[in-house]
Amino acid sequence: MNIIEDMLRLTPAPTVQREVAVFFLTVAVLVIVAFLATSSANGTLVLVLVGVLAVYAAGRLVYRLLNPAKVTTQR
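36 is the number that full-length UniProt numbering gives to position 36 of the sequence shown; each next residue is one higher, with no gaps.
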């Protein structure tokens, strides 16, 4: 349940492992939404929004991996 809470928060996950898990779960949700949106009337709009969220998720992951000093390690 902590990973779901990490997905909902805008603050970074406390560990790199959880940040990577959040990224892959976010991408999985985006893929499902994109698949369901292909048959909707506003499919293009939904795909644009999914693309923006995917860029955000990738940017967040890259930022967290490039700034490891701000990420705590598991004990």
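Ideal placement from N, C-alpha and C gives every residue a C-beta, glycine not left out.
N-terminal and C-terminal residue of the alpha helix (DSSP H) that residue i is part of
i, result
"T26", "16-37"
Selection from the options that minimises the alpha carbon distance to residue i
i, options, result
"A54", "N42, V29, Q17", "V29"
Close-in-space but distant-in-sequence residues of the same chain around residue i (CB under 7 Å, 5 per side omitted)
i, result
"L47", "A34, A37"
"A57", "F23, T26, V27"
Cβ neighbours of residue i in the same chain (closer than 6 Å, five flanking residues each side left out)
i, result
"G43", "A37"
The ligand GDP heavy atom lying under 7 Å from the CB of residue i
i, result
"G43", "Looking at this structure, you won't find the ligand GDP or any other ligand, since it has none at all."
Three or more beta-carbon pairs under 8 Å between the segment 57-64 and the segment 33-48, yes or no? no
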